[in-house]
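Peer 1: Numbering (UniProt numbering), first residue to last: 1 to 496. So that we are looking at the same thing, I have put the structure below in structure tokens.
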Amino acid sequence: MIGCSYSGSLPLSWGRVFEITCTALQLQFQPALSLCLNFLEQEIDAHSCLDVASFAEAYGMPELLEVANSFVLRHFQNVAATPKFQDLPAKKLRRYLKSDSLFVPSELVVFKAVVAWIEACPSKRLKLTKELMKKVHFPLMNVKEFNEVKTTKLWSEHNTEGLYLTILEDFHSHHVAPRTLCRVYLPKNSLVLVGGDQISADFSRRSPSRELWFGNSLRNYTGIVKNVEWRLLGEMPKPPRLSHEVAVLTGKLYVVGGQSYEGTLDVFNSTYRYDPLQNLWERLADLHKTRCNFSMVVLDRMIYAIGGDIDPETNLDSVFFLGDSKEKGNTEFCHAATMLDGKIFISGGLDCRHQCRVSMFLYHPERGTTYLAEMSQPRARHCMETLNGNLYVAGGVTVDENMTSIDQLACEVYDSVSDLWSALTPLAVPHVGAASVVLEGMLYVLGGYCQEDYRETRLVHRYDPTIQFWENMGEMPGPNTDIRACLLHLPNHLRQ
């Protein structure tokens, strides 16, 4: 502690962090306390989260308690497999099981957690079996999962066959006559869709949008059926727009550039900022040039707009950021960009001859461009997101042997350490000009269209890297093509 007052650093580990935090609290030594709290929040894992929650509750630290409880709920499957979970007081277990923030891939996870907790101390906990089993949505299980329920030793070894028969009857009644039963999960942050376009069924009309939609909850139904509960957040200032870009900085949404079709093609240079807490829009400084079909990232609290079109005949090779612009060195549009470890990565896109690119490169505002390993196939109008320290690309278009644009269903992941690409499970349907976002460790690809017949893709697909599989998450709420997505923390009154 004395050394911290001189060096500003503190060697911390899970073996001593609680003791040091207590000392810092008693001495009211803020520098050490801040280091301890940062450690507890940043290093929390499945084995420590319950201890952090108990510590925060005992010492009256509501913010740390929220972090710990949130971790337990969103990593419930891993937490329930730890020995410390079996020591959880019944009151806390009830609270976790009834929370709308409880994230589980299957109801079997909840059932196994309850059984393990009861069997850790059956003499005191068997009396709670009926109450806790009511927190498990058995009808949402498939037959294979329910067979595991059937063979659980809890029923025979502890004389609870009657409860099992009641559960079995409930399971069969819902499968014979399916209802709207589902497990509702409220993510901490909301997936927000901004603007975009809708094409009429006969392709005669395009309808650019001003709408903002947000995913209030994720819903798991029987078997593999899932969807997003969409709600209308509001509208952005006129005009409606598509092929724009969005970014989030300090909790506020920035909407930049884009285009619209109102008799003629209009490309914009306007910038708007939305504050979700105040529900207010603000007009900011314009871009130096009109811009659409570009990409945008946040680096060091600055927003960078990269490449794009001025109009259908003119492509940009500049990067614009907060009152300045620089040449990037190569002209492209319909590419994708994202951040990883404080670096800007740019993949694919179309060149000035409208040819799909296969390239992947780093862009640095001062040092310029560094080319990296190429993708296995050319790709444009695609998505790229950072997930678990890697870069994932999905959707878009590619070219066949005749250099004709076709739907790109193949997906790839890039490892920046080895500078290598690997194949992923392909998409089931095309997603050209789709939106994308990473929400709680999963990649969402939203909307788009099919290059082959230009019909809209009105579906949301989610890639789960733990099972390496794309899940159908239901339909889009409105606009589908050239739409953009982001994550926002919305006020509670919008999510009730």
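Glycine is no exception: its CB is placed at the ideal position from the N, C-alpha and C atoms. These numbers were taken from a predicted model, which means no experiment stands behind them.
Give the list of continuous beta strand (DSSP E) stretches no shorter than 3 residues that lie fully inside the stretch 205-230.
Peer 2: Listed in chain order, they are 206-208 and 211-220.
Peer 1: Identify the continuous alpha helix (DSSP H) that holds GLU157 and give its terminal residues.
Peer 2: If you number the sequence shown from 1, residue 157 lands on position 157. Looking at the DSSP string, the run of the alpha helix (DSSP H) that includes GLU157 is 154-157.
Peer 1: Looking only at C-alpha atoms, which of GLN30, ALA24, LEU27 and VAL72 sits nearest to ILE44?
Peer 2: Translated into the one-based positions of the sequence shown, residue 44 becomes position 44. When each option's Cα is compared against that of ILE44, the closest is VAL72.
Peer 1: Excluding the 5 residues preceding and the 5 following TYR414 in the sequence, name in chain order all residues of the same chain whose CB lies nearer than 7 Å to its CB.
Peer 2: Within the sequence shown, the letter at position 414 stands for residue 414. Correct list, in chain order: MET360, ASN390, LEU391 and TRP421.
Peer 1: Quick check: the Cα distance between GLN259 and ASN189, rounded to an integer number of angstroms?
Peer 2: Residue mapping note: residue 259 aligns to position 259 of the sequence shown, counting from 1. Residue mapping note: residue 189 aligns to position 189 of the sequence shown, counting from 1. Distance between the alpha carbons of GLN259 and ASN189 is about 28 Å.
Peer 1: Is LEU212 closer than 9 Å to LEU233 when the C-beta atoms are compared?
Peer 2: One-based indexing of the sequence shown puts residue 233 at position 233. One-based indexing of the sequence shown puts residue 212 at position 212. Yes, they are a contact pair.
Peer 1: Starting from GLU412, follow the alpha helix (DSSP H) in both directions and report where the run begins and ends.
Peer 2: Residue mapping note: residue 412 aligns to position 412 of the sequence shown, counting from 1. Looking at the DSSP string, GLU412 is not in any alpha helix (DSSP H); the run it does join, the beta strand (DSSP E), is 411-415.
Peer 1: Nearest-angstrom Cα distance between LEU287 and ALA247?
Peer 2: Working through the sequence shown from its first residue, we reach residue 287 at position 287. Working through the sequence shown from its first residue, we reach residue 247 at position 247. C-alpha separation (whole angstroms): 15 Å.
Peer 1: Going along the chain, which residues of its own chain have a beta-carbon closer than 8 Å to the beta-carbon of SER99, five neighbours each way excluded?
Peer 2: Here residue 99 refers to the residue found at position 99 when the sequence shown is read from its first residue. Closer than 8 Å at Cβ, skipping near neighbours: LEU73.
Peer 1: State buried or exposed for VAL417, treating a residue as buried only when at least 16 other CB atoms are found within 10 Å of its CB.
Peer 2: Position 417 of the sequence shown, counted from the first residue, corresponds to residue 417. It counts as exposed.
Peer 1: Is LYS326 helix, strand or coil when you go by DSSP?
Peer 2: Taking the first residue of the sequence shown as 1, we reach residue 326 at position 326. The pLDDT assigned to LYS326 is 47, lower than 50, so where the model puts this residue is not dependable; a value taken from the coordinates is nonetheless given after this. Residue state, collapsed to three classes: strand.
Peer 1: Give the straight-line distance between the Cα atoms of PHE214 and LEU242, rounded to the nearest whole angstrom.
Peer 2: Here residue 214 refers to the residue found at position 214 when the sequence shown is read from its first residue. Here residue 242 refers to the residue found at position 242 when the sequence shown is read from its first residue. Roughly 17 Å separates the two Cα atoms.
Peer 1: Would you kindly report the start and end of the unbroken alpha helix (DSSP H) that includes residue 498?
Peer 2: With the chain running from 1 to 496 in the structure shown, residue 498 is simply not present.
Peer 1: Between LEU277, ASP309 and TYR185, which lies nearest to ASP244 when the distance is taken from Cα to Cα?
Peer 2: Within the sequence shown, residue 244 is the residue found at index 244, counting from 1. Residue 244 is actually His in this sequence, not Asp. Closest option to HIS244, Cα to Cα, is ASP309.
Peer 1: Near TRP155, what residues of its chain come up, given a Cβ to Cβ distance below 7 Å and the 5 sequence neighbours on each side ignored?
Peer 2: Here residue 155 is taken as the residue at index 155 of the sequence shown, counted from 1. Correct list, in chain order: GLU161 and TYR164.
Peer 1: For the stretch 77-85 and the stretch 47-56, state whether three or more C-beta atom pairs, one from each stretch, are separated by less than 8 Å.
Peer 2: Touching, yes.
Peer 1: Confirm, please, whether the CB-CB distance from SER347 to MET384 is below 9 Å.
Peer 2: Along the sequence shown, one-based indexing puts residue 384 at 384. Along the sequence shown, one-based indexing puts residue 347 at 347. Cβ atoms of MET384 and SER347: closer than 9 Å.
Peer 1: Run through DSSP, which three-state label would LEU35 get?
Peer 2: Counting from one through the sequence shown, the residue named residue 35 turns up at place 35. In the structure shown, LEU35 sits in a helix (DSSP, three-state: H, G or I).
Peer 1: In whole angstroms, what separates the C-alpha of ASP464 from that of LEU193?
Peer 2: Translated into the one-based positions of the sequence shown, residue 464 becomes position 464. Translated into the one-based positions of the sequence shown, residue 193 becomes position 193. Cα-Cα distance, rounded: 20 Å.
Peer 1: Taking the alpha carbon of LEU427 as the point to measure from, which residue in ASN147, VAL110 and ASP407 has its own alpha carbon closest?
Peer 2: As a working mapping, residue 427 is identified with position 427 in the sequence shown. Ranking the options by Cα distance to LEU427, first place goes to ASP407.
Peer 1: Would the stretch 145-159 and the stretch 118-129 be scored as touching if the rule is three or more Cβ pairs under 8 Å?
Peer 2: Yes: the two stretches touch, three or more of their Cβ pairs being nearer than 8 Å.
Peer 1: Suppose contacts are defined by Cβ-Cβ distances below 9 Å. Is GLY395 in contact with SER436 by that definition?
Peer 2: As a first step, residue 395 is located in the sequence shown; it is residue number 395 there, counting from the start. As a first step, residue 436 is located in the sequence shown; it is residue number 436 there, counting from the start. For GLY395 and SER436, yes; Cβs fall inside 9 Å.
Peer 1: For the alpha helix (DSSP H) that THR23 lies in, which residues bound it at each end?
Peer 2: Here residue 23 corresponds to residue number 23 of the sequence shown, with the count starting at 1. Its alpha helix (DSSP H) spans residues 17-27.
Peer 1: Quick test of your reading: LEU280 and PRO491, contact by CB under 8 Å. State the CB separation rounded to the nearest angstrom.
Peer 2: Position 280 of the sequence shown, counted from the start, is the residue given in the question as residue 280. Position 491 of the sequence shown, counted from the start, is the residue given in the question as residue 491. The Cβ separation is near 12 Å, so there is no contact.
Peer 1: Under the assumption that ASN227 contacts GLY447 (Cβ atoms under 8 Å), give the Cβ distance between them as a whole number of angstroms.
Peer 2: Against the sequence shown, residue 227 aligns to sequence position 227. Against the sequence shown, residue 447 aligns to sequence position 447. In fact, because the Cβ distance is near 14 Å, the residues do not count as touching under 8 Å.
Peer 1: So, does the stretch 99-114 touch the stretch 127-140, judging by three or more C-beta pairs under 8 Å?
Peer 2: Taking 8 Å as the limit for Cβ pairs, the verdict is that the stretch 127-140 does touch the stretch 99-114.
Peer 1: Is the separation between the beta-carbon of HIS364 and that of ALA336 shorter than 9 Å?
Peer 2: Taking the first residue of the sequence shown as position 1, residue 364 is located at position 364. Taking the first residue of the sequence shown as position 1, residue 336 is located at position 336. Going by C-beta atoms, HIS364 is not nearer than 9 Å to ALA336.
Peer 1: Since I believe LEU35 is in contact with LEU25 (beta carbons under 8 Å), could you give me their beta-carbon distance rounded to a whole number of angstroms?
Peer 2: Looking up residue 25 in the sequence shown gives position 25. Looking up residue 35 in the sequence shown gives position 35. At roughly 13 Å, the Cβ-Cβ gap does not stay under 8 Å, so LEU25 and LEU35 are not in contact.
Peer 1: If you run the structure through DSSP and keep just helix, strand and coil, what is TRP14?
Peer 2: Within the sequence shown, the letter at position 14 stands for residue 14. Coil at TRP14, not helix or strand.
Peer 1: Would you grab the beta carbon distance between ASN269 and ARG301 for me? Rounded to a whole angstrom, and I think it's under 8 Å.
Peer 2: Working through the sequence shown from its first residue, we reach residue 269 at position 269. Working through the sequence shown from its first residue, we reach residue 301 at position 301. ASN269 to ARG301, Cβ: 22 Å. No contact.
Peer 1: Measure the alpha-carbon distance for VAL115 versus MET442 and round it to whole angstroms.
Peer 2: As a working mapping, residue 115 is identified with position 115 in the sequence shown. As a working mapping, residue 442 is identified with position 442 in the sequence shown. The straight-line gap from Cα to Cα measures roughly 28 Å.
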